[in-house]
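Sequential numbering of the sequence shown, starting at 124, is according to the working numbering. Glycine included, each C-beta is placed from N, C-alpha and C at the ideal position. These numbers come from a predicted model, not from an experiment. Contents: one structure, followed by commentary.
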Amino acid sequence: MPVPFVGALVGGLVAFVVALLVGGFAIYVSGRLVADVDDYGRAVLTALLGAVGWALVSWIPLVGPVVALIVWIGVLKWRYPGGWGTAAVMGVVAWLSALAILFVVNAGLGVGIGAFGVPGA
């Protein structure tokens, strides 16, 4: 007889990994289109680091979401070539890519996953 906690833990871990891979793929698409970088591993690590950066500052009252967005774009700037403008465009492309990917995956498979590492997706 399976232990419910273990099942929930495994389910949560699978959901996290899938959401991270989706977020990484969205960043990969933006990195490929905007910065001409073809490296999915870099994109997945960037999604993870961006999510950590977002989590560290988003709780700040009143300005947290704005600061968190700047931190997330800063992670993109740090991990990819180009300046702040390139990173901001990458962020928009990653966000739009994540929305498109999630629409297809969630509608096609009837699931409700998100994109870990891409704010608002």
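With 16 other CB atoms within 10 Å as the buried threshold, where does residue i fall?
i	result
Gly206	exposed
Ala217	buried
Ala178	exposed
Using CA atoms only, rank isn't needed, just tell me which of the options is closest to residue i.
i	options	result
Trp201	Val141, Pro188, Arg165	Arg165
Ala244	Pro204, Thr209, Ala174	Ala174
Gly157	Val241, Val227, Phe239, Leu199	Looking at the sequence provided, one finds Val at residue 157 rather than Gly. That would be Leu199, whose Cα lies nearest to the Cα of Val157.
Thr169	Val145, Leu219, Gly134, Val190	Val145
Ser220	Ala191, Tyr203, Phe239, Gly208	Phe239
Asp159	Tyr203, Ala142, Val190	Tyr203
Val167	Pro188, Leu179, Phe139	Phe139
Just checking my contact of residue i with residue j at CB under 8 Å: how many whole Å lie between their CB atoms?
i	j	result
Leu172	Pro242	That belief does not hold up - the Cβ atoms of Leu172 and Pro242 are roughly 13 Å apart, past 8 Å.
Val176	Trp195	The sequence shown places Gly at residue 176, rather than the Val named in the question. 6 Å between Cβ atoms; contact.
Ile224	Phe148	6 Å
Ala131	Gly237	Contact doesn't hold; Cβ gap of about 18 Å is too wide.
Taking three-plus beta-carbon pairs below 8 Å as touching, is the segment 178-194 in contact with the segment 220-234?
-> No, the segment 178-194 does not touch the segment 220-234.
Three CB pairs or more closer than 8 Å across the segment 150-158 and the segment 201-216 = Contact between the segment 150-158 and the segment 201-216 is present, with at least three C-beta pairs closer than 8 Å.
Which ranges does the alpha helix (DSSP H) cover as unbroken runs of at least 4 residues, wholly within the segment 179-209, from first to last along the chain?
-> Runs found: 187-202.
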